[in-house]
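Let me begin by presenting the structure, written as structure tokens, before commenting on it.
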Amino acid sequence: MASDKFFRLILIFVISANFLCAQGVEEQRKYTVSNPDSLHAFVTSSGTLNGLSTHNHSEDVYYDIYLDTPDFAIASNHLSLRFRKRNLGKLVTYSFQLKSEMENSSGLRMEVEETELDFYTVKTVNRWSPLPLVLDVFFSQLERKTINPQAPELLLATEQLQNWIRENVAGPIIPFQKLSHLNLKGLDQQSLKTLRPVLFGGVKRVRSHLYIDPKTSTSAFKNIAQNRPASVLPQYLFINPQYNWILETSLDFATFYPLIDSKTAKVEICEFEVENKYFIPKTGTEVMDVFEKGLKEKFGAANGIDSKYLQSLKKIRGH
Amino acid sequence: MLLHKYAAFSALLFMKINRVLPGILFVFLLVGFRNPSKTDLSSISRGTLLLNSHPQGLAVFTTNGKINMEYVNAICKFLTDNDSVHYRKHIIPERKKAFARHIKHLYVKLSEAYYDNKSVDDELMEIFYELALFSESLKQKTIASANPNVLFREKASMFTDSKRSGRIFHYKNEITDHEAANVNPSNPAADPKDSPYWHRQVEAVAPHERFEQLARLKKVKPKQNMVVIFDAPCYSGSAPKVDVIDLDLDNNWSLKWGDEVHTDPVGSHIFAALGYDVDHPYYYGSDELTLVFDDLNEIRNAEQLKSAIKNIYKIDLAPFISASGIITAEQATENNELQKFIGKSFMRFKECLLEARPDRVKRIGSFVPYLLSNENRRELRGSLLANAFIGNWDTREANTLLTTVHLGNYEYRISAVFSDLGTSFGVSYGVLPADFKVGLVNEFPWEVATTKNGIVTLNNPINSILPCYEKATYSDLLWMAKKIALLDEFMLHQMVESGHWPKPIEELYFHKLASRRASILKAFGLQDEHPIAFNTHLDINIDGVDVIKEGKLLVDYEKAKHPVSYLSTKGRFRNYGI
Chain A
14 MASDKFFRLI
24 LIFVISANFL
34 CAQGVEEQRK
44 YTVSNPDSLH
54 AFVTSSGTLN
64 GLSTHNHSED
74 VYYDIYLDTP
84 DFAIASNHLS
94 LRFRKRNLGK
104 LVTYSFQLKS
114 EMENSSGLRM
124 EVEETELDFY
134 TVKTVNRWSP
144 LPLVLDVFFS
154 QLERKTINPQ
164 APELLLATEQ
174 LQNWIRENVA
184 GPIIPFQKLS
194 HLNLKGLDQQ
204 SLKTLRPVLF
214 GGVKRVRSHL
224 YIDPKTSTSA
234 FKNIAQNRPA
244 SVLPQYLFIN
254 PQYNWILETS
264 LDFATFYPLI
274 DSKTAKVEIC
284 EFEVENKYFI
294 PKTGTEVMDV
304 FEKGLKEKFG
314 AANGIDSKYL
324 QSLKKIRGH
Chain B
26 MLLHKYAAFS
36 ALLFMKINRV
46 LPGILFVFLL
56 VGFRNPSKTD
66 LSSISRGTLL
76 LNSHPQGLAV
86 FTTNGKINME
96 YVNAICKFLT
106 DNDSVHYRKH
116 IIPERKKAFA
126 RHIKHLYVKL
136 SEAYYDNKSV
146 DDELMEIFYE
156 LALFSESLKQ
166 KTIASANPNV
176 LFREKASMFT
186 DSKRSGRIFH
196 YKNEITDHEA
206 ANVNPSNPAA
216 DPKDSPYWHR
226 QVEAVAPHER
236 FEQLARLKKV
246 KPKQNMVVIF
256 DAPCYSGSAP
266 KVDVIDLDLD
276 NNWSLKWGDE
286 VHTDPVGSHI
296 FAALGYDVDH
306 PYYYGSDELT
316 LVFDDLNEIR
326 NAEQLKSAIK
336 NIYKIDLAPF
346 ISASGIITAE
356 QATENNELQK
366 FIGKSFMRFK
376 ECLLEARPDR
386 VKRIGSFVPY
396 LLSNENRREL
406 RGSLLANAFI
416 GNWDTREANT
426 LLTTVHLGNY
436 EYRISAVFSD
446 LGTSFGVSYG
456 VLPADFKVGL
466 VNEFPWEVAT
476 TKNGIVTLNN
486 PINSILPCYE
496 KATYSDLLWM
506 AKKIALLDEF
516 MLHQMVESGH
526 WPKPIEELYF
536 HKLASRRASI
546 LKAFGLQDEH
556 PIAFNTHLDI
566 NIDGVDVIKE
576 GKLLVDYEKA
586 KHPVSYLSTK
596 GRFRNYGI
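Same order as they appear, the protein sequences are chains A and B. If you read the first sequence in the working numbering, its first letter stands for residue 14, the second for the next number, and so on. If you read the second sequence in the working numbering, its first letter stands for residue 26, the second for the next number, and so on.
Rendered as structure tokens:
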């Protein structure tokens, strides 16, 4: 236990160091909600809360495959490692992501991803096939809602995916590079070669911008300078330059299925995430505090810190 | 090309003689049939990097004839991993996403071959060459970025090489024991195969159009009247410059002032015509470019920019400015692009240079002319004569570039670029006081190559005798002389015009380049298929004033429009004598 705390501290230190380098770190807060329907109604209704207006701009569907070593060293190190398929209407993307767990309710999360997987290949029977084809064997079960972890094609895809991992652990793939830099217990290169799919599932994500509308907001918020985000402004904020974009929210409804032995057939999760998008992080944090107060008062929200992976794993492993 | 000229002339005649409308239709049809470049953009292929014998430095990529995947992993990590921040204790520049993507594409090819237990063949060797070049280039950039100032020993080396280059470039018509390593040894003056360092001409694109063809390929879109937004001051180089962004916010540009505004475009056009990849600098005359300032930037108006330039380069920008102030609604009516900048500060200039930094091109470091046997490439050795032709002085490694060019659909091509070709067309340099000035037409000799007793001598000082120049042979220069011979009068005129010198000076440069071309052809015994008439005693008198007499510029023509004198040798380190 003591060593666990020690490694936690090391991880916090490493993540903080990464934060100083301003690479792949974002401030997120996570909430569990007792009444998801009323929160859903709020985020989709362009309502206001404590001086912030909401604009629902998209509803996306994600599919994830989470990886871990046989001794769950990824989870033990407070990380999650997943392949993600984003279904954004006409656009479908695949990525490979490494995220750290939140250490407290207003903590920072390290997140890095390999954003393009199309050109990576997996050796199938006698030829090299794009990696997404193998991932789609998992995802298609989720899309068709015919979950069968023991299906032969899924077992074959698992083997092919493990081959890809073994062959590319030392390659120029960002999550593997990051893990190599973090140099964590149980996650050396040999251990990473034992990574395997642990669970898979789908997430319906309702996404909204939270912004200050000078006409309806509080006097304190009206004086906040216009955001100058490093990335391009979302379209809605671009065509409404009078609004000041501060936060981004997502309401997630997720279902996960185990790919390892478990008495639990599936895990259902509903969580609300708020992300700081303001160019002066401290100011964004202060706005987050005000919004959080309203969330707790109006929707009975409670702070959470476990990722979906950790929440699911605890239930699947019966912890 | 000649056919197009005659056709256009006929069309104009037709318009005069007959009604205007059929003439317009005729021109339209002709134009419709032209436009060769658009159809040939894809004709610039990567080519091959393979030399007749592979450089020793590539041996690490193989073990017993198979791929050494451990080394491949290590080099790909160096080229892609932004968390690996140090090389020899220096900060490695950020690896851009597009560049990293290209490296990953190469990695996947090697990984597949490795797990297929494939023996190393030419296809895999090409990837080894490319990865090694990128790696060495990134290392060079890392070290160069850590040492931005030119050290005393480097200045001394520039001086000694300038002097030495006046003595060593003598060539006898013979086969040496160190001929180029990427040509057929039985035909020593032959073209090398197309490579990232050089491409042979294609019939559909005339040499003088090659510059624009390359620009289109890189999605470089200069406009006649350009509006750019100030981004950041620059801290590199010795000529004053700043980073700007064009209005589509897609492409960056470098905005420069000083003595290279004419020479850089012409030098780059000529190098492109000879088959090399180049930067894309464009001359902008009086009030043709508007620089606008964003309120969010630290530098928000003309005064602040002048102050920054003075601090960084010790140069007073004031003589280059034609107008500055706040953009008015009236100005925005005249130029619609200014609409969203009403109320913001702006500047306009008497003349300036805008050099493209297109998003499609990722710049790594130098093209490492001294490593991986690059000194044995014919195209690099032959570039010694191309440099001599335009009188380029600053041939340092720092003025070469290795790039990736995005071809669309996330496909990339490695390309080596001859950059900063503006230190040419008549250079004066000195140690006490330390200074240099370019574009001095009277310092640009009429002849560049001479022959005596069968020995060809090049007369062009260069400040860095790179190994490829040291090793150049008669065959290499003969090869380049043949490329220069392909430039005819029309092409030369077109390329000289890209410099936008005042007309009398432009005319003098044209005659001098024609003369230098003739001297090269004569020295190498080449028959001139396109002889270009020139007059070494050129006289130009304008309104009773002898502007040019006996082939020499006598007056600083249109000094008010062109702040940097064409006669004074005071250069950038003496504020151009302004």
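Glycine residues also receive a C-beta, built at the ideal position from the N, C-alpha and C atoms.
Among the residues facing chain B, Thr296 (chain A) is not included, as its CB has no counterpart in that chain under 8 Å away. Any Cβ of chain A closer than 8 Å to the Cβ of Thr105 (chain B) would place that residue at the interface, and such an atom is present.
The C-alpha of Asp513 (chain B) is placed about 42 Å away from the C-alpha of Lys122 (chain B).
Using a C-beta cut-off of 8 Å, the region 134 to 154 of chain B makes no contact with the region 194 to 208 of chain B, since fewer than three inter-stretch Cβ pairs fall below that distance.
Under the DSSP definition of a beta bridge, His233 (chain B) lacks any partner. Taking all protein chains in view, the Cβ of Thr134 (chain A) is crowded by 16 or more other Cβ atoms within 10 Å, so the residue is classified as buried. Taking 8 Å as the threshold, the shortest C-beta distance from Phe109 (chain A) to chain B does not fall below it.
Counting only residues of its own chain and dropping the five nearest sequence neighbours on each side, Tyr96 (chain B) has a CB closer than 7 Å to the CB of Val85, Phe86. Rounded to the nearest angstrom, the gap between the Cα atoms of Ser332 (chain B) and Arg220 (chain A) is 46 Å.
Residue environment: Glu180 (chain A) is assigned as buried (16 or more neighbouring CB atoms within 10 Å of its CB, all protein chains considered). Not a single CB atom of chain A sits nearer than 8 Å to the CB of Lys164 (chain B). Against chain A, the CB of Leu321 (chain B) has a partner CB under 8 Å away; the residue lies at that interface. In this structure, Lys43 (chain A) lies near Glu284 (chain A), with their beta-carbon atoms less than 8 Å apart. Sorting B:His111, B:Leu135, B:Leu533 by C-alpha distance to the C-alpha of Leu149 (chain B) places B:Leu135 at the top.
DSSP, read as helix, strand or coil, puts Val466 (chain B) in helix.
Nearest to Asn139 (chain A) by alpha-carbon distance, out of A:Pro145, A:Gln173, A:Ser204, is A:Gln173. DSSP places Cys377 (chain B) in the uninterrupted beta strand (DSSP E) bounded by 377 to 382. Per DSSP, the beta bridge partners of Ala315 (chain A) are A:Thr45. In the three-state reduction of the DSSP assignment, Phe559 (chain B) falls in the coil class, being assigned neither a helical nor a strand state.
Nearest CB-CB separation between Ile128 (chain B) and chain A: below the 8 Å threshold. Beta-bridge partners assigned by DSSP to Asp81 (chain A): A:Arg209. When DSSP states are grouped into helix, strand and coil, Thr476 (chain B) belongs to the strand group. If only complete runs of 3 or more residues are kept, the region 219 to 299 of chain B shows the beta strand (DSSP E) at 251 to 258, 266 to 271, 277 to 281, in order along the chain. Counting only runs of 4 or more residues that sit fully inside the region 385 to 473 of chain B, the alpha helix (DSSP H) segments are 403 to 415, in chain order. Residues of the region 183 to 201 of chain A that bring their beta carbon within less than 9 Å of a beta carbon in chain B comprise Ala183, Gly184, Pro185, Ile186, Ile187, Gln190, Lys191, Ser193, His194, in sequence order. DSSP, reduced to helix, strand and coil, places Phe549 (chain B) outside both helices and strands of the structure shown, so it counts as coil.
Nearest to Leu111 (chain A) by alpha-carbon distance, out of A:Glu288, A:Pro188, A:Ser71, is A:Pro188. Assignment of Gln175 (chain A) by DSSP, reduced to helix, strand and coil, places it in the helix class. Pro145 (chain A): member of the alpha helix (DSSP H) spanning 144 to 157, first to last residue. Ranked by Cα distance from Arg325 (chain B), the options B:Arg388, B:Val286, B:Lys369, B:Gly451 are led by B:Lys369. Think of a sphere of 7 Å around the beta carbon of Val133 (chain B): the chain A residues whose beta carbon falls inside it are Phe132, Tyr133, Thr134, in chain order. Taking 8 Å as the CB threshold, Glu180 (chain A) lines the interface with chain B.
With the rule of 3 Cβ pairs closer than 8 Å, the region 421 to 430 of chain B counts as touching the region 385 to 395 of chain B. One alpha carbon belongs to Glu376 (chain B), the other to His518 (chain B), and they sit about 21 Å apart.
No residue range can be given for Asn484 (chain B), since it is assigned to no beta strand (DSSP E) and is classified by DSSP as neither H nor E. In the DSSP assignment, His195 (chain B) falls within the unbroken beta strand (DSSP E) covering 195 to 197.
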